[in-house]
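Student:
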Amino acid sequence: MDKPKTVKVLKFYPEKCDGGLLCEKACSQVHFKTDEGGEKSAIRILKDGKTYKMHVCDHRGLCLDMCPVGALKRRKNGIVWLDKDTCIGCQACVGFCPISAMRKSEARIEPFKCISCGACVRACPNGALELVEVKIDDVKEVVYHKQGAE
Ligand code: SF4
Ligand code: SF4
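Just so we're aligned: the sequence shown equals residues 156 to 305 in the numbering used here.
1) Mark residue 221 as exposed unless 16 or more other C-beta atoms lie within 10 angstroms of its C-beta, in which case mark it buried.
2) Which residue's Cα is closest to the Cα of residue 276: 157, 158, 160, 164?
3) Please classify residue 270: does DSSP put it in a helix, a strand, or coil?
4) Using only the alpha-carbon positions, how far apart do residue 174 and residue 202 sit?
5) Could you name the residues of the same chain whose beta carbon sits closer than 7 Å to that of residue 178, not counting the 5 residues immediately before and after it, in chain order?
6) Distance check for residue 214 and residue 227, CA to CA, integer angstroms please.
7) Residue ranges of each alpha helix (DSSP H) run of no fewer than 4 residues wholly in the stretch 164-224, ordered along the chain?
8) Output the boundary residues of the alpha helix (DSSP H) element that contains residue 248.
9) The beta strand (DSSP E) that contains residue 230, what's its start and end?
10) What residue does the beta strand (DSSP E) around residue 239 start on, and which one ends it?
11) Just to confirm, does residue 244 get its C-beta within under 7 Å of one of the non-hydrogen atoms of ligand 1?
12) Give me the residue from 172, 264, 256, 250 with the minimum Cα distance to residue 241.
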């Protein structure tokens, strides 16, 4: 099978966000069947002065080779996927992720992350979130450039 070349990632329009956090609640439903948001959401919207910033996995996949049991894979549709049945809950990927996008909740031992399902996009009444298709190579390039530059 050919390796996936593109992946859908979340794009955030801070000027449209009112901080209502319906996206976080929707994501909690996906992962934990609750609308708590916060630590049970893979997306976090954080106050940044007078505006907001989004904090979520962009499927760059730097973690893929570091899981000791191979629980992290890139799926056919390009997304980085954590296989709960294989994961042993060592938390290595949580500590490793340079943008802290691998999340941990007290509710269970395995971490969780964005799966690009779009539930948060549909939940936002203001259109502040969008799933856009990008080239996986481009995401990686930006990351490596930033790491070198900083
Ligand atoms: S927490 Fe699970 S997915 Fe993450 S590195 Fe450990 S075994 Fe792999
Ligand atoms: S796309 Fe799905 S998994 Fe990703 S942050 Fe939105 S609701 Fe959560």
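Note that beta-carbon positions come from the ideal geometry of N, C-alpha and C, so glycine has one too.
Tutor: Taking the geometry as given:
1) As a working mapping, residue 221 is identified with position 66 in the sequence shown. Counting Cβ neighbours within 10 Å, residue 221 comes out exposed, since fewer than 16 surround it.
2) As a working note, residue 276 is residue 121 in the sequence shown. Cα-wise, what sits closest to residue 276 is 164.
3) Your numbering for residue 270 matches position 115 in the sequence shown. If DSSP states are grouped into helix, strand and coil, residue 270 belongs with coil.
4) Reading the sequence shown from its first residue, position 19 is the one you call residue 174. Reading the sequence shown from its first residue, position 47 is the one you call residue 202. If I take the Cα positions, the gap works out to 8 Å.
5) Here the question's residue 178 lines up with position 23 in the sequence shown. For residue 178, where only same-chain residues beyond five positions count, the Cβ hits under 7 Å are 198, 200, 275, 278, 279, 284.
6) As a working mapping, residue 227 is identified with position 72 in the sequence shown. As a working mapping, residue 214 is identified with position 59 in the sequence shown. Looking at the two C-alpha atoms, the distance is approximately 11 Å.
7) 177-187
8) Translated into positions along the sequence shown, residue 248 becomes position 93. Counting along the chain, the alpha helix (DSSP H) containing residue 248 begins and ends at 247-251.
9) For the purposes of this step, residue 230 is taken as residue 75 along the sequence shown, with counting starting at 1. Where residue 230 is concerned, there is no enclosing beta strand (DSSP E), given that its DSSP letter is neither H nor E.
10) Numbered from its first residue, the sequence shown carries residue 239 at position 84. Note, residue 239: premise wrong, no beta strand (DSSP E); not H, not E.
11) Along the sequence shown, read from residue 1 onward, the residue named residue 244 stands at position 89. Yes, ligand 1 has a heavy atom inside 7 Å of this Cβ.
12) Looking up residue 241 in the sequence shown gives position 86. When only C-alpha atoms are compared, the closest one is 264.
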